[in-house]
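What follows is a short report on a single structure.
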């Protein structure tokens, strides 16, 4: 009769091997995957809702001498006579927002909306305080009097506040998910996002709106990364890229939901529609299980075994005797370890929180991993700057801004599809590099045709967004596959947090056009080129086992 093995000598259960028995993407995983994808729709919409809730509507000064004060017309034929502005190449006039020509008091002609002549006004301008709007759109601009140049920084600061909330929330959610579990932090982020979104809709002044916008971003920032982690950790190696790409389809559709702003012109109604539905996800507490990989990494094998048996039952698979015996043996070993015993890595098995910090120290002491993660940080930052730089400028394209924004969001779906093809055909490294290089070429090309045909500018803009979208999809999968299990969620969170700092720069890049018009797009192209080239230095992870330890993460490149 053999003697029992010690805890240190029992190998950890490999969940990838378990999945080959219970199904890599069976009925159980498909149901839960759909459940975690649904709140991503609303997280995506909330992440960009400020583009419309805090957007500047089209307006001009009201001209009492000419306007019908009961029903003023923004685009009246005489506007270019009464209001300064600029003409474009197509002969369209855009009036100034807050200035109008001074009325000629000595003019013998009595002005009216039917007859408003050039002689009615002088060449001098004056500031106005009443406005005519081009549509029924009602944002915080009208709500709290944020019109004109001196208030533009307040509108831009809403975006800065949002990205600051993303930085804080991404870092917190990643750490908390590694410590307390994916499921509970995921649910908290969903509910917190919904409640603070409602608070945003009920804001009573600009400051309260900013506070709720920050808190909403904190909650929103955890929903997608944790849905991604849960999705990746519940499926087998052959289904990982599928799980990440399909999740991104939901994200793109969620962003496109903001096109509903066309039908919900009042910003409060729009924010409520985006915030109330996620509250039903409270039921996920009983429907969505905890990540089995996280439970195994924390030596909570009894809970993991219960979930695995349930998965096997729903997937109509049989669990081998050897697997159940391994579970039973390691459960007994875990129960038999006392608080006095120290494991081989100098941590107390009863205090698995120490494993996170031990893994972090091992990563920091590894030149190989630090080099890889430094490259990943650069690539993440470039992705964020270019992705958000293109997204935030979608409403500035000529034409219907709601349609343009929807198209720029929906073009992400073929972008994610392209990433899926690249991931399967080229592997992770070439998929990332190829996507960035496609974006680089397109951005540089569009930088030199900014004065060309409108359809060509829009087409190149959309192709550039497609390329950077593909890159963003690949980098999430690639990063997760290079991180050891015990810090995977926190590691992706750190990368995503760093990317948010890059995103905070995105709104300022278009200002470079005042020095040289193609400069913003050329900068997007240059940074994408650099990121695409240095990403070739990373190891390939395609069809490799997810690393559970730091040692396995280091071995990926060997």
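Residue numbers (the numbering used here): 302 to 859. The C-beta atom is built at its ideal place from N, Cα and C for all residues, glycine as well. Computed from a predicted model, the values in this text were never measured in an experiment.
message: As an exercise, report each continuous beta strand (DSSP E) stretch of at least 3 residues that is fully enclosed by the region 314-399, in chain order.
response: 360-362, 386-388 and 394-396
query: For residue 817, does the three-state DSSP call read helix, strand or coil?
result: coil
message: If you follow the alpha helix (DSSP H) that residue 853 is in, where does it begin and where does it stop?
response: 851-855
query: Do you know offhand how far residue 349's Cα is from residue 556's?
result: 7 Å
message: Taking the alpha carbon of residue 583 as the reference point, which residue from 856, 710 and 485 has its own alpha carbon closest?
response: 485
query: Quick one: Cα of residue 400 to Cα of residue 544, how far?
result: 53 Å
query: Can you tell me the Cα-Cα spacing of residue 694 and residue 364, whole angstroms?
result: 31 Å
message: Given this structure, state the Cα-to-Cα distance separating residue 270 from residue 611, to the nearest angstrom.
response: The structure shown does not extend to residue 270, since the chain is modelled only from 302 through 859, so no value can be given for it.
task: Return yes when the C-beta of residue 573 is under 7 Å from any heavy atom of the ligand GDP, and no when it is not.
output: With respect to small molecules bound, the structure shown includes none, and the ligand GDP cannot be examined in it.
- prompt: Along the chain, where does the beta strand (DSSP E) that runs through residue 433 open and close?
  reply: 432-434
field: For residue 525 and residue 709, believed in contact at Cβ under 8 Å, the rounded distance
entry: 18 Å between Cβ atoms; not a contact.
Which of helix, strand or coil DSSP assigns to residue 463: helix
Pairwise C-alpha distance: residue 621 and residue 685: 46 Å
task: Could you tell me which uninterrupted alpha helix (DSSP H) segments, each at least 4 residues in length, are contained entirely in the region 523-558, listed from first to last along the chain?
output: Within the region 523-558, the complete alpha helix (DSSP H) runs of at least 4 residues are 541-557.
- prompt: Which residues in the same chain have their Cβ closer than 6 Å to the Cβ of residue 466, if we skip the five residues on either side of it in sequence?
  reply: The answer, listed in chain order, is 515, 518 and 519.
query: Leaving out five residues before and five after residue 801 in sequence, what residues of the same chain have Cβ atoms less than 7 Å from its Cβ?
result: 464, 467, 468, 471 and 685
message: Checking 8 Å against the spacing of the C-beta atoms, do residue 329 and residue 616 come in under that value?
response: yes
task: With DSSP as the reference, label residue 489 as helix, strand or coil.
output: helix
message: From the DSSP secondary-structure annotation, give me the bridge partner or partners of residue 668.
response: Looking at the DSSP assignment, residue 668 forms no beta bridge with any residue, so it has no partner.
Option nearest residue 562 by Cα separation, candidates 326, 355 and 774: When C-alpha distances from residue 562 are compared across 326, 355 and 774, the shortest belongs to 355.
message: For residue 451 and residue 825, what's the separation of their Cα atoms in angstroms?
response: 29 Å
message: For residue 641 and residue 828, I'd like the C-alpha separation in whole angstroms.
response: Interpretation of residue 641 is limited by its pLDDT of 43, a score under 50 that renders its predicted location unreliable; no figure is taken from the coordinates.
- prompt: Where does residue 428 fall in DSSP's three states?
  reply: strand
message: Measuring straight from C-alpha to C-alpha, what distance separates residue 344 and residue 379?
response: 45 Å
query: What residues in its chain sit with their C-beta under 6 Å from that of residue 381, if we drop five residues either side in the sequence?
result: 394
- prompt: Looking only at C-alpha atoms, which of 352, 333, 320 and 338 sits nearest to residue 705?
  reply: 352
field: Residues near residue 541 by beta carbon distance below 6 Å, same chain, minus five either side
entry: 533
query: Do you know offhand how far residue 600's Cα is from residue 820's?
result: One alpha carbon belongs to residue 600, the other to residue 820, and they sit about 53 Å apart.
- prompt: Opposite residue 401 in the DSSP bridges: which residues?
  reply: 427
- prompt: Which whole-angstrom value describes the C-beta separation of residue 278 and residue 573, a residue pair presumed to lie in contact below a C-beta threshold of 8 Å?
  reply: Given a span of 302 to 859 for the chain in the structure shown, any question on residue 278 remains unanswerable.
Reduced DSSP secondary structure (H/G/I, E/B, other) of residue 513: DSSP places residue 513 in helix when its eight states are reduced to three.
task: Could you pull out every residue in the same chain whose Cβ sits closer than 8 Å to the Cβ of residue 669, ignoring the five residues on either side in sequence?
output: Excluding residues within five positions, the ones whose Cβ falls inside 8 Å are 855 and 858.
field: Contact between the region 726-736 and the region 773-784 (3+ Cβ pairs under 8 Å)
entry: yes
- request: Tell me whether residue 843 sits in a helix, a strand or coil according to DSSP, three-state version.
  value: In this structure, DSSP gives residue 843 a state outside helix and strand, which the three-state scheme calls coil.
- request: Evaluate residue 766 with the Cβ neighbour count: other Cβ atoms within 10 Å of its Cβ, from every protein chain shown; 16 or more gives buried, anything less gives exposed.
  value: buried
task: Flag this pair as yes or no: are the beta carbons of residue 445 and residue 507 separated by less than 8 Å?
output: yes
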